[in-house]
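Just so you know, the protein sequences line up as chains C and R, in that order.
For the first sequence, our numbering begins at 1 and goes up steadily by one.
For the second sequence, our numbering begins at 1001 and goes up steadily by one.
Structure record follows, encoded as structure tokens.
Number of protein chains: 2
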Amino acid sequence: MQFNEAKNKFVQTWGALGSQWGINKTMAQIHALLMISNEPVSMEDIMEELQISRGNASMNIRALMDWGIVYKEYKAGERREFFTAEKDLDELAVKISRERSKREIKPALKVLKEVSSIEANQTEEERHFVAQTTKLYDFVLKADNVLDKITEYKDNWLTKLVVKIMK
Amino acid sequence: MQFNEAKNKFVQTWGALGSQWGINKTMAQIHALLMISNEPVSMEDIMEELQISRGNASMNIRALMDWGIVYKEYKAGERREFFTAEKDLDELAVKISRERSKREIKPALKVLKEVSSIEANQTEEERHFVAQTTKLYDFVLKADNVLDKITEYKDNWLTKLVVKIMK
DNA sequence: TTAAACTTTCAAAAAAAAATGAAAGTTAAT
DNA sequence: ATTAACTTTCATTTTTTTTTGAAAGTTTAA
């Protein structure tokens, strides 16, 4: 396989994986592109490489920066902006975990707490609802905390986790 | 909050959470509905409760069964089919992990292995590509293995994990 | 201060994903 | 073997999500 073919395949695959996990394809592709680039890339180059419009590029780069996994860089004597991705994978995974927890898990937990706290003990149906949503709340809360603890190790959290599990 | 309001809120929230993680809304909503139901539910009832068409209900129930988290049940003397969800949360999480690993992670790993194995050491750009995709392959493989190990505990894996991490 | 070089925004268009519903298929009781 | 009761399929429609591109906004150099 040639370099260009491999590069393209990687970008496409990362994009598809993103979609499957609820991240828009272009956003994942831009991230892929920056991940494998050894130097900062301009918006122009991203547009060119992925064949996307300026608006699309701008919005998705912004989204990646909001996630904290892409950084803006300036080159001396250059007017335009360049972008780089967080290349440390431990750090990348930590940031993605934290964001998803904040944006999606925490709000869901809030709702689970609410709905599991209703006064409803009249019917078997209602009792089951409360029991099940309570279990779910406990489970999700615990999972969220575990994730938090794991990613607190920061450097090499994955390796440290492997060690803990194997012992 | 009333029971019906809470039930509705839970179903909507579970549906939204599904979307954010790449699972179609209706599929997640059907799952939510079955999770909180204390007895098997007919397709008719699912359609009625979620206000969806027969085709939509049928296809998404099928998808949930393919995931192994919803089961078909027969009631004595009843012609039509009823459905129940896997209600054990440890088991549910294990099944979802296994499926996502099989469907998404494993194929991605295959591609990562391919693209990181190209003979490309001419330019700095090519060397960086190989280095980065190799790191990514190692990382994803390790993460996938960790997930596998954790879910092998089966019963109470989450609690057991908490214990391991705290020690 | 002007203007050129660049970025962002957002209404409209396009593309992708999901839902519908009627026809085809299946099952099981008589 | 027939038919009523039910489920599945899939071409078409609808909805949702994503993308475009032109106008507005911003920044910096002269």
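Just so it is clear, CB atoms sit at the ideal spot from N, CA and C, and this is done for glycine as well.
Please read these numbers as outputs of a predicted model, since none were measured by experiment.
Assignment of beta-bridge partners to GLU1073 (chain R) by DSSP yields R:PHE1082. Around the Cβ of ALA1093 (chain R), a 10 Å sphere holds 16 or more other Cβ atoms; the residue is buried. Excluding five sequence positions before and after ARG62 (chain C), none of the CB atoms of its chain fall closer than 8 Å to its own CB. The C-beta of GLN20 (chain C) comes closer than 8 Å to at least one C-beta of chain R.
No Cβ-Cβ contact shorter than 8 Å links ILE1118 (chain R) with PHE10 (chain C).
In this model, MET166 (chain C) and GLU86 (chain C) are separated by some 29 Å (Cα to Cα). Note that the C-beta distance between MET1035 (chain R) and GLN132 (chain C) is below 8 Å.
Scanning the region 3-75 of chain C from its first residue to its last, the whole beta strand (DSSP E) runs of 3-plus residues come out as 70-74. Only buried fits LYS1007 (chain R), as 16 or more other CB atoms lie within 10 angstroms of its CB. Close to LEU158 (chain C), with beta-carbon spacing below 9 Å, are these residues of chain R in chain order: PHE1139, LYS1142, ALA1143 and VAL1146. Ranked by Cα distance from ARG80 (chain C), the first of C:PRO40, C:ILE52, C:GLU91 and C:LEU50 is C:PRO40. If you check each beta-carbon in the region 1024-1040 of chain R against every beta-carbon of chain C, the ones closer than 9 Å belong to MET1035, ILE1036, SER1037, ASN1038 and GLU1039.
Under the Cβ criterion of 8 Å, THR1134 (chain R) is not counted among the residues facing chain C.
Per DSSP, the unbroken alpha helix (DSSP H) holding TYR1137 (chain R) starts and ends at 1124-1152. Setting aside the 5 residues that flank it on each side, VAL1070 (chain R) is surrounded in the same chain by ILE1030, HIS1031, LEU1034, ILE1061, LEU1064, PHE1083, THR1084, ALA1085 and GLU1086, each with a C-beta closer than 8 Å to its C-beta; the list follows chain order. Contact check for ASP1155 (chain R) and ASP1090 (chain R): beta-carbon distance about 6 Å, within the 8 Å limit, so the pair qualifies. In this structure LYS142 (chain C) does not touch TYR153 (chain C) by the C-beta definition: roughly 18 Å separates them, more than the 8 Å allowed. For ILE96 (chain C), the closest C-alpha among the options C:GLU49, C:LEU147, C:THR26 and C:VAL162 is that of C:LEU147. The residue among R:SER1101, R:SER1042, R:ILE1150 and R:VAL1111 with its C-alpha nearest the C-alpha of LYS1075 (chain R) is R:SER1042. Using beta-carbon distances, LEU1017 (chain R) counts as an interface residue toward chain C, with a partner under 8 Å. Taking a Cβ-Cβ threshold of 7 Å, the residues of chain R close to THR13 (chain C) are ALA1108 and VAL1111, in chain order. Here the alpha carbons of PHE129 (chain C) and LEU1136 (chain R) stand approximately 42 Å from one another. ILE1165 (chain R): member of the alpha helix (DSSP H) spanning 1157-1166, first to last residue. In the three-state reduction of the DSSP assignment, GLU1119 (chain R) falls in the coil class, being assigned neither a helical nor a strand state. Membership of LYS102 (chain C) in any alpha helix (DSSP H) is not indicated, and neither H nor E is assigned to it by DSSP. GLN1020 (chain R) and TRP1157 (chain R) have their C-alpha atoms some 25 Å from each other. Each of C:GLY55, C:GLN122, C:VAL163 and C:GLY68 was checked against the Cα of ARG100 (chain C), and the nearest Cα belongs to C:GLY68. The contact set of ILE1150 (chain R) on chain C, defined by CB atoms closer than 8 Å, consists of ILE165 in chain order. In this structure, the straight-line span from the alpha carbon of THR1151 (chain R) to that of ASP1138 (chain R) is close to 20 Å. Within chain R, no C-beta atom comes nearer than 8 Å to that of ILE69 (chain C); the closest sits roughly 14 Å away. Residues of the region 57-84 of chain C with a Cβ closer than 8 Å to any Cβ of chain R: none.
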